[in-house]
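See structure below.
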Amino acid sequence: MSFAKLYGPDNDQVLVMLSNDEERAPEVRVYFQPKDLGLCSTALKFPDTDSGWDTAEAAFAEMNEEKARRMVSTVLNGIGLGDING
């Protein structure tokens with residue numbers, strides 16, 4: 695099972711996917727490609743239970759561009775790059 699939301703212009707896109715990880719547990723993963731770097735991602739992971747899937751689906755439903763970009767900024771700030779896209 696997989697669902698996706700795509701935000702932003704061609705040169706600054708953020709892709710949000712509701713899917714499952716390699717252990718089949720639900721996750722909401724945000725993909726982004728900062729300037730001068732390769733494809734990056736970060737994820738909200740949930741337990742592989744009915745409740746975990748319900749929570750993941752709710753998190754995906756509530757995800758919007760602002761929240762997705764906030765996740766990207768948090769990752770970039772956490773590794774000392776800040777918002778390198780300007």
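Throughout the sequence shown, residue numbering follows the numbering used here, covering 695 to 780 in sequence.
Beta carbons: idealized from backbone N, C-alpha and C, even for Gly.
**Request:** Any chance you could list the alpha helix (DSSP H) runs of at least 4 consecutive residues sitting entirely within the region 698-749, in chain order?
**Result:** Those alpha helix (DSSP H) runs which fall completely within the region 698-749 and span 4+ residues do not exist here.
**Asked** Where does Glu-721 land, buried or exposed, given buried means 16+ other C-beta within 10 angstroms?
**Response** Locating residue 721 in the sequence shown gives position 27, counting from the first residue. Result: buried.
**Asked** Looking at the unbroken alpha helix (DSSP H) that takes in Met-757, where does it start and where does it end?
**Response** Locating residue 757 in the sequence shown gives position 63, where the first residue counts as 1. It is not in any alpha helix (DSSP H) - Met-757 carries neither H nor E in the DSSP assignment.
**Message:** Suppose contacts are defined by Cβ-Cβ distances below 8 angstroms. Is Leu-770 in contact with Pro-703 by that definition?
**Reply:** To locate residue 770, count along the sequence shown from 1; it is residue 76. To locate residue 703, count along the sequence shown from 1; it is residue 9. If you check the CB distance, Leu-770 and Pro-703 do not come in under 8 angstroms.
**Message:** Given a cut-off of 8 angstroms on the beta-carbon distance, is the pair Leu-738 and Tyr-725 in contact?
**Reply:** To locate residue 738, count along the sequence shown from 1; it is residue 44. To locate residue 725, count along the sequence shown from 1; it is residue 31. Cβ distance not < 8 angstroms, so Leu-738 and Tyr-725 don't count as in contact.
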